[in-house]
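**Q** Before anything else, here's the structure in question.
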Amino acid sequence: MTTPQPPPQPLVIAGRTFRSRLLTGTGKFPSPEAMRAALEASGTEIVTVALRRADLSGEHDPFADILTHIDPARYLLLPNTSGAMNAAEAVRLARLAASAGLPKWIKLEIHPDPRHLLPDPIETLLAAEQLVKEGFIVLPYINADPVLAKRLQDVGTAAVMPLAAPIGTNRGLETRGQLEIIIEQATVPVVIDAGLGAPSHAAAALEMGADAVLVNTAIAIASDPAAMAHAFRLAVDAGRIAYETGLASAAPVGAKASPTSPLTGFLRPEPALR
Amino acid sequence: MSTDSVTALANGTPVTLPAGATIGDLAAHLGLAPKAILVERNGEALLRSEWPARPLSEGDRIEFIRMVAGG
Numbered sequence: 076m077t078t079p080q081p082p083p084q085p086l087v088i089a090g091r092t093f094r095s096r097l098l099t100g101t102g103k104f105p106s107p108e109a110m111r112a113a114l115e116a117s118g119t120e121i122v123t124v125a126l127r128r129a130d131l132s133g134e135h136d137p138f139a140d141i142l143t144h145i146d147p148a149r150y151l152l153l154p155n156t157s158g159a160m161n162a163a164e165a166v167r168l169a170r171l172a173a174s175a176g177l178p179k180w181i182k183l184e185i186h187p188d189p190r191h192l193l194p195d196p197i198e199t200l201l202a203a204e205q206l207v208k209e210g211f212i213v214l215p216y217i218n219a220d221p222v223l224a225k226r227l228q229d230v231g232t233a234a235v236m237p238l239a240a241p242i243g244t245n246r247g248l249e250t251r252g253q254l255e256i257i258i259e260q261a262t263v264p265v266v267i268d269a270g271l272g273a274p275s276h277a278a279a280a281l282e283m284g285a286d287a288v289l290v291n292t293a294i295a296i297a298s299d300p301a302a303m304a305h306a307f308r309l310a311v312d313a314g315r316i317a318y319e320t321g322l323a324s325a326a327p328v329g330a331k332a333s334p335t336s337p338l339t340g341f342l343r344p345e346p347a348l349r
Numbered sequence: 003m004s005t006d007s008v009t010a011l012a013n014g015t016p017v018t019l020p021a022g023a024t025i026g027d028l029a030a031h032l033g034l035a036p037k038a039i040l041v042e043r044n045g046e047a048l049l050r051s052e053w054p055a056r057p058l059s060e061g062d063r064i065e066f067i068r069m070v071a072g073g
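In the order they appear, the protein sequences are chains R and D.
All letters in the first sequence, in the order written, are residues 76 to 349 by my numbering.
All letters in the second sequence, in the order written, are residues 3 to 73 by my numbering.
Printed below as a string of structure tokens:
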């Protein structure tokens with residue numbers, strides 16, 4: 076007989092177990108040192124990176140080689156396909172990422188519109204199908220579309236990553252109603268990605284049953300990224316523990332309050348003795 | 003086209019090296035450390051274990067890519 080584990084339970088994606096339910100991005104940090112400290116404080120085990128044409132001008136870019144700052148033995152690197160405008164480009168980027176010899180995990184993102192960075196659902200589904208066939212562990216970044224999420228899990232993606240709000244907007248769970256449907260239907264982990272601006276947003280995402288969240292901007296642009304990463308870590312744990320424990324249901328607006336303390340009788344005489 | 007040299011496009015820029023040069027030679031010529039880069043030849047990703055020794059052909063389109071910060 077096994078002893079039941081106290082919450083939070085670990086996250087399992089494609090058969091791999093993670094203690095942390097907070098995935099982090101590596102963009103927008105003020106320095107590699109700040110990034111490293113934030114990753115450490117976040118407790119994260121999955122870290123996204125991007126691919127970019129090498130600059131041959133010889134100018135020094137402190138972030139040019141991310142692998143000097145992130146140890147792939149410690150963190151699972153999740154390369155993204157950012158920059159891809161269609162399925163073919165995304166597949167090409169995924170194959171390049173895989174040529175590094177790291178585990179074949181890919182965050183599939185195809186957003187042709189640079190203004191809102193909203194993902195293209197049709198190209199994403201096409202690319203996901205192809206990459207799954209090629210043996211990739213595919214985590215697609217999508218709009219909060221329950222039908223698309225279902226189609227993607229049906230073609231074999233390892234998770235779905237619906238957005239809370241557009242990338243970098245910090246507006247929180249704007250797509251809440253749709254996310255609830257996605258979570259209810261999901262047979263793969265749901266990682267809420269993009270738009271989470273505050274630890275309270277992350278906690279709310281986990282409370283509603285999201286399996287994990289991915290946070291980048293809100294941590295990277297904080298005045299102290301490591302402190303903010305720590306705050307997100309606590310919020311994610313709090314939200315998950317609350318979800319596993321079962322939240323008390325909310326009473327309807329206008330319902331009578333229900334006291335949590337005895338309404339002590341000794342301060343005023345009992346009516347009968349007056 | 004001369005037979006004692008080979009010209010390839012490196013990230014869109016023509017580079018001419020002595021005939022028989024490899025992609026590894028091209029990377030070295032451009033000051034790129036092999037460990038830090040990924041390579042595509044004519045649109046096809048090449049494994050890290052195989053590209054440095056791969057000979058360049060005239061007109062090859064070579065892309066040198068880095069893993070960088072991103073969300």
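Glycine included, C-beta positions come from ideal geometry on N, C-alpha and C.
Quick one: list the residues of chain D neighbouring R/Val124, beta-carbon separation under 8 angstroms, in chain order.
**A** Met69, Val70, Ala71 and Gly72
**Q** What separation, rounded to the nearest whole angstrom, lies between the Cα atoms of D/Ala21 and D/Thr5?
**A** 7 angstroms
**Q** Indicate the three-state DSSP secondary structure (helix, strand or coil) for R/Ser117 in the structure shown.
**A** helix
**Q** Are the C-beta atoms of R/Leu192 and some chain D residue less than 8 angstroms apart?
**A** Not one beta carbon of chain D lies nearer than 8 angstroms to the beta carbon of R/Leu192.
**Q** Could you pull the start and end residues of the beta strand (DSSP E) that R/Asp195 belongs to?
**A** Segment: none, R/Asp195 is in no beta strand (DSSP E) and carries neither H nor E.
**Q** Taking C-alpha atoms, which residue in R/Ala297, R/Ala306 and R/Glu319 lies nearest to R/Thr119?
**A** R/Ala306
**Q** Would you call the region 64–72 of chain D and the region 188–202 of chain R touching, i.e. three or more CB-CB distances under 8 angstroms?
**A** Counting Cβ pairs under 8 angstroms, fewer than three are found: no touch.
**Q** If we define contact as Cβ-Cβ less than 8 angstroms, is R/Gly118 a contact residue for chain D?
**A** Not flagged as an interface residue toward chain D: R/Gly118, since no C-beta distance is shorter than 8 angstroms.
**Q** Quick one: what does DSSP say R/Ser275 is sitting in, helix, strand or coil?
**A** helix
**Q** Nearest-angstrom Cα distance between R/Gly247 and R/Ala224?
**A** Roughly 20 angstroms between the two C-alpha positions.
**Q** So what does DSSP say about R/Thr99, is it helix, strand or coil?
**A** strand
**Q** When Cβ atoms are compared, which residues of the region 12–32 of chain D fall closer than 8 angstroms to chain R?
**A** The region 12–32 of chain D vs chain R, Cβ under 8 angstroms: Ala12, Asn13, Thr15 and Leu32.
**Q** How would you list, in chain order, the residues of chain D whose beta-carbon sits under 7 angstroms from the beta-carbon of R/Pro154?
**A** Met69
**Q** Is it true that the CB of R/Pro274 sits closer than 8 angstroms to the CB of R/Phe104?
**A** no
**Q** Which residues, taken in chain order from the region 49–64 of chain D, show a beta carbon closer than 7 angstroms to some beta carbon of chain R?
**A** Those would be Leu49 and Arg50, in chain order.
**Q** Measure from the alpha carbon of R/Pro241 to the alpha carbon of each residue in R/Asp268, R/Asp146 and R/Glu255, then state which is nearest.
**A** R/Asp268
**Q** Reducing DSSP to helix, strand and coil, say where D/Glu46 ends up.
**A** Note: D/Glu46 maps to strand in three-state DSSP.
**Q** Have a look at R/Leu254, R/Val207 and R/Thr250 and flag the residue whose alpha-carbon is nearest the alpha-carbon of R/Thr232.
**A** Checked all of R/Leu254, R/Val207 and R/Thr250; the closest Cα to R/Thr232 is R/Val207.
**Q** On the DSSP bridge list, what partners appear for R/Lys182?
**A** R/Asn155 and R/Leu214
**Q** Starting from D/Ala10, find everything on chain R with Cβ-Cβ shorter than 9 angstroms and list it in chain order.
**A** Here the premise fails: no neighbours, minimum Cβ distance about 13 angstroms.
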